[in-house]
Amino acid sequence: MRVNHRFVCLLLLAVAVRGAPAQQTPRSIARGDPQDAPRSITIDSRLAADASLHVGDRVVVAAGTGEPGDTVVIAAITQRRADPAEIARGEYRVRLHLGQLQSLLGYGDRVDRFAIATPSAGATADAVARINASAFGFQAHRSADVAVETSKTFAVVSRFHRAIGTITIVASAIFLLCIMLLKVDERRRDVAALRLIGCTERTIVGSVVLEAAAIAVLGSLFGVVVGGTASFLVNRHYQAVYRTPLRFSIVTGDIVLLAVALALVLGIVAGWLAARRLVRTPPLALFGR
Amino acid sequence: MLATLALASLLRHRTRTVLAILGVAVSAAMLLDMVMLSSGMRESFRGLLLSQGFQLRLSPRGTLPFDTEATIRGADSLLAVLRARPTVAVASPVLGGQLHFPSRGATVTASALGVEPAVQGDYELVAGRQPTAANEIVANDATLRAIGHSLGDTVHAAAGYDPQLRTYSGERTLRIVGRVRFIYLALDQRAVALPIGTLRAMGGPASADRISLAMVKLRPGAEVERERAALHALLPRVTVTSTAQALEQVDQRLSYFRQLAVILGSVSLVVGFLLVTTLVTVSVNERIGEIAVMRAIGVHRWRIVGQILLESSALMVIAAPLGLALGLVTARWLDSILARFPGLPERIDFFLFQPRAAWTALGLLVISGILAGVYPSWRSASLPIAVTLRQEAVG
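Residue numbers (the working numbering), protein chains in the order written: chain S, 3 to 291; chain R, 14 to 408.
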């Protein structure tokens, strides 16, 4: 087995970080030889911004408030990953060398988990089976299974969005049908005239359906522009609120295609229903005679 | 007279009116759902936090209760300080952990809460009694199902594994004396509770004199925020959270749903408004000759305005009960989807029906209906009578 991670990340709720001005001697150093050069840590950009910390600053890390700690140097400031599981969490993240963290926490020769790299999917399954059969006190999981387990929350949110989308589609369908009915009703005299000069029902229905389809496509294209703009604004807003590079809203080609197709189908059906209703009315009745 | 004319106008185009009512009903349903969503979670969570009467929660400094695995050291002295305060009626310590139950060749793991049964506020007894002796335990249905035991049975439990010695650590034989429902845990989450002393002993030196959380119930008349501030200043190793603060944290974490509710609720209202405005405007355009005739025979313009406003409001008012009923059905459906959030307490409702929510939705719909009639009624009231009559006559 090969340990893949050199660092163990720890929520700052467990390890308090107290800032000290750059190049100044920290107030308390309890562990380690003072002659040694301080070890390095990385902090996330949110902590750097909130505590006004920079690369090269010296800070004291301790396991708890008021406890002695170690002096360390900030070697890097990391950008938080686009991980949906982290967006609602307000904690800061600090990465330390494994041995230093074990020492700080009095954790002994222990780790919470190992990450193991395998050469192939088959080797992964074999490794999981062998570890779980022989190991005692811990369990191996495939990364894919862990991902499924941790993404359950987002699967629920996704189902919720689909349900909201369904309700929206029902509302849109009724709205579209209403508008098409009105639009066709407005042309009852034109339709009556066309009927009287000999146009077939099929021609009239066809022309209305064509018009409905054109309106639906133009409307949905306008909707795509509105949706794209809304998506951009949503991303800007929530990325700033949660300070994450995560994209909250994505307008993909599939989504655009689905929206346009749905609008087209709804438009054609609404136009066809409205036109059928009109052509079945006698022309003179349409004229109001 | 006004109502008769408005009704006649709506009945003239039945299909159109029915479609409009359906459209507004769907918008109203969505509006009600979003009003319920915007306040439901908060109220539901508030009810949950206050259900056992504890107003303050003490957790390790910088954390929220059970947000991390951090614990508070020196728990006994902390509890002594709390219980000595004249404003504190009850202080209930809780230690979180895990217990492993060897069962049918496998191991079942459950969340374990070490509590003082006499003052605990984490679970409700469904059957049996509280675990008063050191070797007694209570469990929820999910755990009993998983380990295949029932009330009165004896089980073997371990607090952990020692990988170096390759053996269970902190083993005990415990008797199940109660079947409980945990208030803050999900229904399918396996959990047990036992005396805090037993769990500490099973956890070894790492758990000695530690708690994960302390819940405080104040005496009647004590001011919660003042006591919170006093405890915060007195106890530097803990964070003291009041129910109001916990709700603020929940608001922050679930702000997404609140914002979604505001956006979708507004969109629903706008869609309903546009639908009614369009329908009434078209209806007025079709009846422009009639309206001119009414004005010509002496009907006052304000009566025309009143009739049009009545038409638009009627559409909204007729659709509202249908929409509210539909909204309750869809709210149950949406709530059943969100109830599958992993770890969500059983009692949390995202869509909590409150009469205020229904009245708010109804009020917004009526206002929207009246506003939807403003433009067409203004248009009908400002018609030049003679010109309109001539145009209608000539065509």
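Each residue gets a CB set at the ideal place from its N, CA and C atoms; glycine is no exception.
Nothing here was measured: the structure is a model prediction, and the numbers come from that model.
Outcome for residue i when other beta-carbon atoms lying within 10 angstroms are tallied against a minimum of 16
{"i": "R/Ile-189", "result": "buried"}
{"i": "R/Ala-242", "result": "exposed"}
{"i": "S/Pro-70", "result": "exposed"}
{"i": "S/Val-17", "result": "Because the pLDDT of S/Val-17 is 37, which lies under 50, any placement of that residue in the model is unreliable, and the question is left without a value."}
{"i": "R/Gly-278", "result": "buried"}
{"i": "R/Pro-78", "result": "buried"}
{"i": "R/Ser-390", "result": "buried"}
{"i": "S/Val-74", "result": "buried"}
{"i": "R/Gln-265", "result": "exposed"}
{"i": "R/Asp-201", "result": "exposed"}
{"i": "S/Gln-81", "result": "exposed"}
{"i": "R/Gly-356", "result": "exposed"}
Residue-chain proximity (residue i, chain R), Cβ-Cβ < 7 Å
{"i": "S/Ala-173", "result": "yes"}
{"i": "S/Lys-185", "result": "no"}
{"i": "S/Val-158", "result": "yes"}
{"i": "S/Ala-165", "result": "yes"}
{"i": "S/Thr-155", "result": "yes"}
{"i": "S/Ser-30", "result": "Confidence is the limiting factor: at S/Ser-30 the pLDDT is only 36, short of 50, which leaves the residue's position unreliable and the question unanswerable from this model."}
{"i": "S/Arg-245", "result": "no"}
{"i": "S/Cys-201", "result": "no"}
{"i": "S/Arg-60", "result": "no"}
{"i": "S/Ile-43", "result": "no"}
{"i": "S/Gln-25", "result": "Caution applies to S/Gln-25, whose pLDDT of 40 falls short of 50 and renders its modelled position unreliable; the model cannot decide the point."}
{"i": "S/Gly-21", "result": "Reliability fails at S/Gly-21, whose pLDDT of 39 lies under 50, so the model's placement of it is uncertain and no value is given."}
{"i": "S/Phe-177", "result": "yes"}
{"i": "S/Phe-162", "result": "yes"}
{"i": "S/Ile-169", "result": "yes"}
Residue i - DSSP class collapsed to helix/strand/coil
{"i": "R/Gln-262", "result": "helix"}
{"i": "S/Leu-288", "result": "helix"}
{"i": "S/Leu-325", "result": "Given that chain S is displayed from residue 3 to residue 291, the structure contains no residue 325 of chain S and the question cannot be resolved."}
{"i": "R/Ala-235", "result": "coil"}
{"i": "S/Leu-156", "result": "A small correction: the amino acid at residue 156 of chain S is Phe; Leu does not occupy that position in the sequence shown. Here S/Phe-156 sits in helix by DSSP."}
{"i": "R/Gly-336", "result": "helix"}
{"i": "S/Thr-27", "result": "Confidence at S/Thr-27 is low in this model, with a pLDDT of 39, below 50, so the placement of that residue is unreliable and no value is reported for it."}
{"i": "R/Tyr-136", "result": "strand"}
{"i": "R/Tyr-388", "result": "helix"}
{"i": "S/Tyr-244", "result": "helix"}
{"i": "R/Gly-75", "result": "coil"}
{"i": "S/Thr-120", "result": "coil"}
Contact under 7 Å by Cβ, residue i with residue j
{"i": "R/Gly-183", "j": "R/Gly-141", "result": "no"}
{"i": "S/Ala-65", "j": "S/Leu-106", "result": "yes"}
{"i": "R/Leu-187", "j": "R/Ile-150", "result": "yes"}
{"i": "S/Leu-178", "j": "S/Ala-117", "result": "no"}
{"i": "R/Val-107", "j": "R/Leu-226", "result": "yes"}
{"i": "R/Met-49", "j": "R/Ala-370", "result": "yes"}
{"i": "R/Val-128", "j": "R/Ile-209", "result": "yes"}
{"i": "S/Ser-251", "j": "S/Val-267", "result": "no"}
{"i": "S/Ala-277", "j": "S/Val-186", "result": "yes"}
{"i": "R/Gly-382", "j": "R/Lys-230", "result": "no"}
{"i": "S/Gly-269", "j": "S/Ala-214", "result": "yes"}
{"i": "S/Arg-190", "j": "S/Leu-288", "result": "yes"}
{"i": "R/Ala-123", "j": "R/Thr-156", "result": "yes"}
{"i": "R/Leu-377", "j": "R/Leu-282", "result": "yes"}
{"i": "S/Ala-127", "j": "S/Ile-133", "result": "no"}
{"i": "R/Ala-7", "j": "R/Tyr-269", "result": "This structure gives no information on residue 7 of chain R, because the portion of chain R shown stretches from 14 to 408."}
{"i": "S/Val-262", "j": "S/Gly-230", "result": "no"}
{"i": "R/Ile-224", "j": "R/Ala-88", "result": "yes"}
{"i": "R/Arg-74", "j": "R/Thr-254", "result": "no"}
{"i": "R/Arg-59", "j": "R/Leu-339", "result": "no"}
Any chain S beta carbon closer than 7 Å to residue i
{"i": "R/Arg-308", "result": "no"}
{"i": "R/Val-330", "result": "no"}
{"i": "R/Met-43", "result": "yes"}
{"i": "R/Leu-347", "result": "yes"}
{"i": "R/Pro-355", "result": "yes"}
{"i": "R/Val-293", "result": "no"}
{"i": "R/Gly-36", "result": "yes"}
{"i": "R/Val-297", "result": "no"}
{"i": "R/Ile-321", "result": "no"}
Any non-hydrogen atom of the ligand ADP within 6 Å of residue i CB
{"i": "R/Val-284", "result": "Absent from the structure shown: the ligand ADP. Ligands present: none."}
Looking at chain S, which residues of the region 118-143 of chain R have a Cβ within less than 9 Å of any of its Cβ atoms? Only those residues of the region 118-143 of chain R whose C-beta falls short of 9 Å from the nearest C-beta of chain S would be listed, and there are none.
Residues of the region 235-260 of chain S whose Cβ lies closer than 7 Å to any Cβ of chain R, in chain order: Nothing from the region 235-260 of chain S brings a Cβ to less than 7 Å from some Cβ of chain R.
Cβ-based contacts, 7 Å cut-off: residues of the region 57-75 of chain R near chain S: Under the 7 Å Cβ criterion, the region 57-75 of chain R contributes Arg-74, Gly-75.
Check distances from the C-beta atoms of the region 268-285 of chain S to those of chain R and list, in chain order, the residues that come in under 7 Å. Taking 7 Å as the Cβ-Cβ cut-off against chain R, none of the residues of the region 268-285 of chain S qualify.
Residues of the region 20-35 of chain R with Cβ closer than 9 Å to any Cβ of chain S, in chain order: Correct list: His-26, Thr-28, Arg-29, Leu-32, Ala-33, Leu-35.
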